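Student: Pasting a structure here, questions to come.
Chains as they are written, first to last, in our numbering: chain A, 1047 to 1567; chain B, 506 to 749.
Next comes the structure, spelled out in structure tokens:
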């Protein structure tokens, strides 16, 4: 019965502890199983994500813990691509390689989220979850710096070493055995592990200090835990270190004793190396010790300061938030934030203008664009201008001709010329329109002005018809005349002043004869 | 009371409400500030109006600053108002922003009387402060099993913070406000605080304004009794001290 009870106790009550320990392995198996199956249709499924994970973790521990510096993005991708080419002999074009390394790193940091493992909690009979991150990020300036988490270090060390409250002790005992069995090389490995454990504790110390800065109660709890798991072993560890040094001295003395005149050179070299490493480890351990002393002093200071500020008359923000945290009620934060906000204004108009609202017409409305009625401007083409000029000139000449014809039955061109010269001076004979008029009028032998009104045969008749529309032309209604060309002997010579050479034009004499006298009257 | 004093007091109230600075050094409203100081009638009239509207005015460094009283239905914000202004969707995101605002203020003030003599803060400072502030809760999440926590618990807040990536995209230069990453949230809160006149930004550095100093020093000093009561009630787990 007792046995069954013990078994059930082990199964149920320790389940959470077991899961808590298993949590560290969870990201590894997640990554191992699923990482490459969905990437590029499983093209890289042959890559072993588990191996890459461990390699990257080791790289992080090397840089973060041993060299004490965080890593930026390019360094990680460079390391991963190094692993890909060296170990998987994967030679890819730069772009594809970048894509692959980015993918791997995104997987490792789980896109910035923790890995969450769900399980059944048999004590509370509910589903519970544990969380774990491998890689953490901080922002410094504009660059993101990555570092390995303490959990990830523990996981990495767990893969090869035994875990206990303080690993340093165990390692020391291991070291003692190694020295006894003259396994100096193994001893060096052990010391290296001691060093990494020391570094882990220093990281933990920093975390405790940060916690103290933000929340004293949590900080004190973490400090107690740290003291229990880490610091209480210090004196024992110190003793073991000196004991190991003694052992080493003895081992060296033994090795230096010449057996049959031959020194054990191999052992001596091993011992020498081991001694150097052990000295380094002791210095490291000493630093950790002083770090922890420092932690204790600073923690006391912080607690003191916190107590003091609690007693002051001022309102204590941290105290208020700590109480809210304890009560697990974030809505209390609203009491701190809301008083800081500016008044909410729903009114859209300016407060000062309330009285102006009634007396003033609304301003600032969008007014429509005013379209002014513009007169359509006629564009006159060059030939239209020419035509206008020509018809004006023709009208002047034609009117003179018609007047002459009304006065006399016959009018000769020379008589007409004289008349024109009187009217318009001799400049008219320099006008090309005069000559073109002659050319045009000679196109027909007879003209009947009544007929021209209705039907125009030539360009000249067109101009005539337009002219006859004018009011002053009524007196020419019914006028008919014909042209009689005189023989070439009777040529008219126009002397034109102003032209230098060829200062004359020659035209044939024409006689214009009125045909229907009675109608014209 | 003279009509003129009432007029000045109304003018002062209007200027404070629309958020115009009323400072001795600021040219536009210097007259109003002086009127408040020199005429008892003006300050009395203003105080009366503020009291009726559930508003308060605080003086700091030759300037007047307005604060909204508790549970002010007209000038106070509801959760939905704030979510709309900040571009958030969920209540838990709003609580996270509250927490970020608290941490930003706490970087300058430990309590309402102790100024940390810090000139400005940067995005990283707030990120670090929030990480530290929640680290206890987060490490507990990592260490122990957790049931699905209530939306309004700090555990839920820690989970939502822990699950955010530090930045949204590795390749983009600079940080943009958004809900997708830690730094996006921080930027969002900074932008909001600048819009609320609590910070001024110069080259990615955030300096607290006189308004912020005035409210932190004076409001919380005045209200500490009420807030302590609230704190006590919440730690006793008695009546729920939730905001309206």
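Every residue, glycine too, gets a C-beta built ideally from N, C-alpha and C.
Quick caveat, the model's predicted, so the values are computed rather than measured.
1. Give a yes or no on contact between the stretch 719–732 of chain B and the stretch 1376–1387 of chain A, applying the rule of three or more CB pairs nearer than 8 Å.
2. Buried or exposed: residue 636/B, going by 16 or more other Cβ atoms within 10 Å of its Cβ?
3. For chain B, is any of its Cβ atoms less than 8 Å away from the one on residue 1209/A?
4. Is residue 1252/A close to chain B, meaning its C-beta is less than 8 Å from at least one C-beta of that chain?
5. Do residue 1148/A and residue 1123/A have their C-beta atoms closer together than 8 Å?
6. Which class does residue 575/B belong to by DSSP, given the choice of helix, strand or coil?
7. Please report the straight-line C-alpha distance between residue 1530/A and residue 1515/A, rounded to a whole angstrom.
8. Assuming contact is defined by CB atoms lying nearer than 8 Å, are residue 643/B and residue 1389/A in contact in what I supplied?
9. Quick check: the Cα distance between residue 1552/A and residue 1538/A, rounded to an integer number of angstroms?
10. For the stretch 1444–1514 of chain A, which segments carrying the beta strand (DSSP E) assignment without a break, of at least 3 residues, lie completely within its bounds, in sequence order?
11. Starting from the beta carbon of residue 616/B, find every residue of chain A whose beta carbon is closer than 8 Å, and list them in chain order.
12. So, at 7 Å on beta carbons, what are the nonlocal neighbours of residue 601/B in its own chain, with the 5 sequence-adjacent residues on each side left out?
13. To be precise: take each residue of the stretch 714–728 of chain B, compare its Cβ to all Cβ atoms of chain A, and keep it if any distance is under 8 Å. Which residues remain?
14. Using only alpha-carbon positions, find the residue among 1301/A, 1440/A and 1555/A that is nearest to residue 1314/A.
15. Could you tell me the alpha carbon to alpha carbon distance between residue 1446/A and residue 1467/A, rounded to whole angstroms?
16. Does the stretch 1125–1136 of chain A touch the stretch 1094–1109 of chain A, meaning 3 or more C-beta pairs lie closer than 8 Å?
17. Give a yes or no on whether 8 Å exceeds the smallest Cβ distance from residue 1273/A to chain B.
18. Ordered along the chain, which non-local residues of its own chain (more than five positions away) have a Cβ less than 7 Å from that of residue 1465/A?
19. Residue 603/B touches chain C at which residues, Cβ-Cβ below 8 Å?
20. For residue 593/B, which residues from the same chain have a beta carbon less than 6 Å from its beta carbon, with the 5 sequence-adjacent residues on both sides left out?
21. Looking only at its own chain, which residues have a Cβ that is under 8 Å from the Cβ of residue 1527/A, when we skip the five neighbours before and after it?
22. Would you report the Cα separation of residue 1498/A and residue 1517/A, rounded to the nearest angstrom?
23. Mark residue 1053/A as exposed unless 16 or more other C-beta atoms lie within 10 angstroms of its C-beta, in which case mark it buried.
24. Taking buried to mean at least 16 other C-beta atoms within 10 Å of its own C-beta, is residue 1186/A buried or exposed?
25. If you measure beta-carbon to beta-carbon, which residues of the stretch 1182–1204 of chain A are closer than 8 Å to chain B?
26. Could you spell out where the beta strand (DSSP E) holding residue 562/B opens and where it closes?
27. For residue 1269/A, which residues from the same chain have a beta carbon less than 6 Å from its beta carbon, with the 5 sequence-adjacent residues on both sides left out?
28. Indicate the three-state DSSP secondary structure (helix, strand or coil) for residue 1174/A in the structure shown.
29. Report yes if the CB atom of residue 603/B is closer than 8 Å to the CB atom of residue 1380/A, and no otherwise.
30. By DSSP, does residue 1528/A sit in helix, in strand, or in coil?
31. Relative to the C-alpha of residue 1348/A, which residue among 1434/A, 1257/A and 1370/A is closest?
32. Can you give me the Cβ contacts of residue 1183/A inside the same chain, cut-off strictly under 6 Å, excluding the 5 residues immediately before and after it?
33. Measuring only the C-alpha atoms, how far is residue 715/B from residue 610/B?
34. Check the Cβ of residue 1171/A against every Cβ in chain B and list those closer than 8 Å, keeping chain order.
35. For residue 1159/A, decide whether its Cβ has a neighbour in chain B, counting only Cβ atoms nearer than 8 Å.
36. Could you give the first and the last residue of the continuous alpha helix (DSSP H) run that contains residue 1123/A?
Tutor: Taking the geometry as given:
1. Taking 8 Å as the limit for Cβ pairs, the verdict is that the stretch 1376–1387 of chain A does touch the stretch 719–732 of chain B.
2. buried
3. Below a pLDDT of 50, predicted positions are generally treated as unreliable, and residue 1209/A, at 47, falls in that range; no measurement from the model is reported.
4. no
5. yes
6. coil
7. 27 Å
8. no
9. 6 Å
10. Whole beta strand (DSSP E) segments, 3+ residues: 1456–1458 and 1492–1494.
11. 1355, 1358, 1360, 1361, 1362, 1363, 1364 and 1365
12. Within the same chain, and ignoring the five residues on either side of residue 601/B in sequence, the residues whose Cβ sits closer than 7 Å to its Cβ are 662, 665, 666 and 690.
13. 717, 720, 721, 724, 725, 726 and 728
14. 1301/A
15. 11 Å
16. In short, these stretches touch, since the Cβ pair count reaches three.
17. No, because no Cβ of chain B sits closer than 8 Å to the Cβ of residue 1273/A.
18. 1446 and 1450
19. In summary, chain C is missing from the structure at hand, where the protein chains are A and B.
20. The residues are 599.
21. 1451, 1492, 1493, 1558, 1559, 1560 and 1561
22. In a straight line, the C-alpha of residue 1498/A is about 16 Å away from that of residue 1517/A.
23. exposed
24. The residue in question, residue 1186/A, is exposed, as its Cβ has fewer than 16 Cβ neighbours within 10 Å.
25. 1183, 1184, 1185, 1186, 1187, 1188, 1190 and 1197
26. 560–564 is the extent of the beta strand (DSSP E) around residue 562/B.
27. 1254 and 1345
28. Residue 1174/A: strand per DSSP, three-state reduction.
29. yes
30. strand
31. The shortest Cα separation from residue 1348/A among 1434/A, 1257/A and 1370/A belongs to 1257/A.
32. 1190 and 1192
33. 13 Å
34. None at all; the shortest Cβ gap to chain B is about 11 Å.
35. Residue 1159/A has a beta carbon lying within less than 8 Å of a beta carbon in chain B.
36. 1119–1133
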